[in-house]
Amino acid sequence: MQLRSVLDVGGLLVSSFIVHVGLGLLTVVVLRPVITKLRLDRFMWNVPLAEFGLLIIFTGVYTIML
Numbered sequence: 001m002q003l004r005s006v007l008d009v010g011g012l013l014v015s016s017f018i019v020h021v022g023l024g025l026l027t028v029v030v031l032r033p034v035i036t037k038l039r040l041d042r043f044m045w046n047v048p049l050a051e052f053g054l055l056i057i058f059t060g061v062y063t064i065m066l
């Protein structure tokens, strides 16, 4: 799937990077209960910092993939 670099939303030009950040945020929100259910959060020193790191990683992955 190829995403254009600039999206036209009702005459407003929006960078596709915003879409990548949104997809990364959605992925982290979906993974949060899975991490808690599997009790992986006990291995994390600072859970919000780890979630932010996951957001950065997934944003980069979506930027490369799309």
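Heads up: the sequence shown begins at 1 in the numbering used here, then just goes up one per residue.
By construction, the Cβ of each residue, glycine as well, lies at the ideal position given by its N, Cα and C atoms.
Because the structure is a prediction, the values reported are computed rather than measured.
- The three-state secondary structure of S5, taken from DSSP, is coil.
- Look at L66 here: in three-state DSSP terms it is coil, with no helix or strand label.
- The alpha carbon of F52 has as its nearest neighbour, out of T63, G24 and S16, the alpha carbon of G24.
- In this structure, V6 and S16 form a Cβ contact; the two beta carbons are roughly 7 angstroms apart against a cut-off of 8 angstroms.
- Counting only runs that start and end inside the region 3 to 61, the beta strand (DSSP E) elements of at least 3 residues fall at 6 to 9 and 12 to 15.
- Straight through space, the alpha carbons of L40 and P33 are spaced by roughly 10 angstroms.
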